[in-house]
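Taking it in order: structure first as structure tokens, then the write-up.
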Amino acid sequence: MENKNNVINWFPGHMQKSMRLFSDEIKNIDFFIEVIDARAIKQSSNYELNQLFNNKIKITVAVKSDLVDVKKYTKLYPDIIFISIHNKNDRNRIINEIKNKCFQKINSLIKKGYVNYQLFGMVIGLPNVGKSSLINFILNKKHLVVQNKPGVTRKKQWTKVTDNIMLLDTPGVFFKKVENFDVGCILTMIKTVNFDVVDQYEVLKNFYFYVNNKYDNLINKHFEILENPNDFDFFISKLCEKKKFYNDKKNYDMHRCFLYLYNFLDDNKDMGIDFN
0 MENKNNVINW
10 FPGHMQKSMR
20 LFSDEIKNID
30 FFIEVIDARA
40 IKQSSNYELN
50 QLFNNKIKIT
60 VAVKSDLVDV
70 KKYTKLYPDI
80 IFISIHNKND
90 RNRIINEIKN
100 KCFQKINSLI
110 KKGYVNYQLF
120 GMVIGLPNVG
130 KSSLINFILN
140 KKHLVVQNKP
150 GVTRKKQWTK
160 VTDNIMLLDT
170 PGVFFKKVEN
180 FDVGCILTMI
190 KTVNFDVVDQ
200 YEVLKNFYFY
210 VNNKYDNLIN
220 KHFEILENPN
230 DFDFFISKLC
240 EKKKFYNDKK
250 NYDMHRCFLY
260 LYNFLDDNKD
270 MGIDFN
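Laid out in structure tokens, this is it:
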């Protein structure tokens with residue numbers, strides 16, 4: 000990807016409230032789970048948020064592992080649990096990891112006579128990274144509201160996922176500022192940033208060249224727009240014509256085209272785009 004001077008600065012007021020929530024609840028938890036996107040392991044980990052939990056047991060869960068080379072990344076990142084919510088066996092892997100990491104705490108509680116012990120954990124991560132989906136997956140039923148856009152969870156929600164484990168779903172918290180435009184583009188394309196707050200043209204243009212360079216003009220081949228692959232404006236105009244994206248004045252409807260391309264590239268699992 001190309002380097003730009005664009006800065007993404009998206010930190011709504013409810014995120015600041017969430018930071019205060021974390022500070023209040025940290026003393027009440029035994030561990031925390033950071034949910035990241037397997038397609039963007041480093042970019043989707045909120046280092047600013049992690050600093051609040053320095054003294055707590057950490058479990059990192061990378062969701063959407065079915066979209067990447069999971070064997071490769073499991074070797075590179077042995078401390079991360081790579082899961083797919085489409086694989087029911089992964090549920091037990093997460094529960095077992097919680098029990099293994101909290102082994103000393105569990106033993107201590109049992110020695111004190113708390114046979115029916117309770118472990119309390121907080122689930123954190125960027126907006127729309129998959130926190131609520133993960134809890135529903137562990138719970139094995141739909142309990143929390145899930146949507147494919149950032150900012151749905153706005154308040155704390157405790158959920159009993161097993162007889163001994165309680166999880167607190169928390170609102171997603173974004174970085175206070177993203178100064179690297181390439182990283183910002185990736186975070187936008189995995190939908191942790193609201194598409195309305197970024198320069199849509201620049202983000203899609205950046206992403207277009209990244210994918211085409213890495214995957215041999217994959218986008219052009221898919222849409223069968225093979226002429227001038229190095230001309231993003233040409234591609235957009237042809238896509239508007241193919242999809243009949245016109246406004247009332249019969250001009251190209253760029254906003255509609257941008258939104259279509261943005262959603263298509265995220266929802267089309269067959270393209271297998273990996274940002275790592």
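The numbering of the sequence shown is numbering that gives the first Met the number 0, which starts it at 0 and goes up by one. Where a beta carbon is used, it is the ideal one built from N, C-alpha and C, also for glycine. Note that the structure is a prediction, hence the values are computed from the model and not measured.
Option nearest residue i by Cα separation, candidates the options
| i | options | result |
| --- | --- | --- |
| residue 31 | 123, 103 and 19 | 123 |
| residue 214 | 188, 271, 193 and 98 | 271 |
| residue 36 | 118, 18, 66 and 17 | 66 |
| residue 276 | 161, 180, 192 and 97 | Residue numbering for the chain in the displayed model covers 0 to 275; residue 276 lies beyond these limits and cannot be assessed. |
| residue 269 | 231, 221 and 248 | 221 |
Contacting residues, own chain, Cβ-Cβ under 6 Å from residue i (five flanking each side not counted)
| i | result |
| --- | --- |
| residue 233 | 227 |
Residue i to residue j span [Cα, whole Å]
| i | j | result |
| --- | --- | --- |
| residue 218 | residue 28 | 45 Å |
| residue 158 | residue 133 | 12 Å |
| residue 121 | residue 167 | 5 Å |
| residue 175 | residue 198 | 18 Å |
| residue 225 | residue 238 | 11 Å |
| residue 183 | residue 260 | 17 Å |
| residue 178 | residue 70 | 32 Å |
Beta-carbon contacts of residue i that lie in its chain and below 7 Å, excluding the five residues immediately before and after
| i | result |
| --- | --- |
| residue 148 | Low confidence applies to residue 148: its pLDDT is 46, below 50, so where it sits in the model is not reliable enough to give any reading. |
| residue 76 | 40 |
| residue 101 | 29, 30, 56 and 118 |
Beta-carbon separation (whole angstroms), residue i vs residue j, contact threshold 8 Å
| i | j | result |
| --- | --- | --- |
| residue 165 | residue 103 | Actually they do not touch by this definition, with Cβ atoms about 19 Å apart. |
| residue 90 | residue 137 | 6 Å |
| residue 125 | residue 45 | 6 Å |
| residue 308 | residue 61 | Residue 308 falls outside the range modelled here, since the chain spans only 0 to 275, and no answer is possible. |
Close Cβ partners of residue i (< 8 Å) along its chain, the five nearest in sequence each way excluded
| i | result |
| --- | --- |
| residue 68 | 273 |
| residue 55 | 25, 28, 29, 30 and 31 |
With 16 other Cβ atoms within 10 Å as the buried cut-off, status of residue i
| i | result |
| --- | --- |
| residue 109 | exposed |
| residue 131 | buried |
| residue 64 | buried |
| residue 209 | buried |
| residue 33 | buried |
| residue 262 | exposed |
| residue 114 | exposed |
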